[in-house]
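Our numbering puts the sequence shown at residues 2 to 286.
Even glycine gets a Cβ: it sits at the ideal position worked out from N, Cα and C.
Values in this document were obtained by computation on a predicted structure and should not be read as measured data.
Reading through the structure tokens given below for one structure.
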Amino acid sequence: MCDEALAALGLRPGGCYVDATFGRGGHAARIHAALEGSGRLHLFDQDPEAIAVARARYGEAANVRIHAANFASLAQALADDVGRVDGILIDLGVSSPQLDNAERGFSFSHDGPLDMRMNPSAGQSAAEWLAQAESDDIADVLWRFGDERNSRRIARRIVETRQTAPLTRTRELAELIAKVPGPRSKHHHPATRSFQAIRIHINGEMSALEAALPQAVEALAPAGRLVVISFHSLEDRMVKRYLRNEGSADAPRIKVLKKQFPSDAECAVNPRARSAMLRSAERLP
Ligand SMILES: C[S@@+](CC[C@H](N)C(=O)[O-])C[C@H]1O[C@@H](n2cnc3c(N)ncnc32)[C@H](O)[C@@H]1O
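What follows is the structure, encoded as structure tokens:
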């Protein structure tokens, strides 16, 4: 949804913009080009590999600030620019390199260490969490963040299995889940929902978004735009509710703009785009 996101940001040379989720910098490159060497671009990512790419590309650029940080601390990092930002883009979820690199432990289709942290120096890995979490807590995560109908059975099997040996590899977990009897989707690997749920939990993705939304609105200048791309209905619901409440308050701070979906052409080229949803809002004077 690159074109839609950039159009929704209303880019102009000389403006101040934030890409809160740099990834590999696809969106950032287009924003940077639109600035035509002026203005300011703040780049955030919590993944040190993404930050290394940002530094290699923009380390010398006078109008770019790079923040190796969680966007949950957006306001603190923006400091002097709070209240003066013309556009903020939050493109949620994991990047393709995170999913494709087996060593990051996000993927059930490549064997790797069971990690799943976007920032490997923060918090517990998936293996550490699964080694000690209560069965009910594991089941709740699988149900809440993955809509996994087999959540209780999978959680019980994880707890039984770890009594013999800890789960340390993505393939072990994917095979364990595939062997648990229960309802199955014809279209997805049986571990799809559980991996997504564990990743969302391990990275505190819902709480980071909840913390970032008010800071983002606060950081915008009058007529500044907030654009959020989400891939999960829970995230989209959180964004929708937040924007709707802010937009309909007694003294509204934003005007909610039109919701957008990826085009059929984009979905044909990039199947991961199929579940994307874009919501945006404009800061009122
Ligand atoms: C879908 S990718 C972004 C892709 C990017 N728009 C591009 O064009 O390449 C999401 C990125 O956001 C980062 N990320 C996710 N949650 C984050 C958070 N709470 N704080 C900072 N970065 C985060 C991930 O590490 C990942 O690199």
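Three-way DSSP call (helix, strand, coil) for residue i in this model
i	result
Val160	helix
Glu173	helix
Arg85	coil
Leu285	coil
Ala209	helix
Met239	helix
Gly70	Note that residue 70 is Ala in the sequence shown, not Gly. In this structure, Ala70 counts as coil in the three-state DSSP scheme.
Pro263	coil
His190	coil
Pro215	helix
Pro223	strand
Asp251	coil
Arg31	helix
Asp20	strand
Val287	Residue coverage of the chain in this structure runs from 2 to 286, which leaves residue 287 outside it and unanswerable.
Asp4	helix
Pair within 8 Å by beta-carbon distance, residue i and residue j
i	j	result
Leu168	Ala192	no
Asp1	Leu42	The first residue shown for the chain is 2 and the last is 286, placing residue 1 beyond what the model contains.
Gly94	Leu10	no
Gly147	Arg118	no
Phe23	Asp4	no
Ala282	Leu227	yes
Cys17	Val83	no
Met2	Leu279	yes
Leu1	Ala30	It is not possible to answer for residue 1, since the shown part of the chain is limited to 2 through 286.
Checklist entry - Which runs of the alpha helix (DSSP H), 4 residues or longer, sit entirely within the segment 87-162? => result 97-101, 127-133 and 136-147
Checklist entry - Between the segment 237-246 and the segment 119-126, do three or more beta carbon pairs fall short of 8 Å? => result no
Checklist entry - Taking three-plus beta-carbon pairs below 8 Å as touching, is the segment 103-111 in contact with the segment 61-72? => result no
Checklist entry - Between the segment 248-264 and the segment 199-214, do at least 3 Cβ pairs fall closer than 8 Å? => result no
Checklist entry - Does the segment 214-226 come close enough to the segment 68-80 that 3 or more CB-CB pairs lie under 8 Å? => result yes
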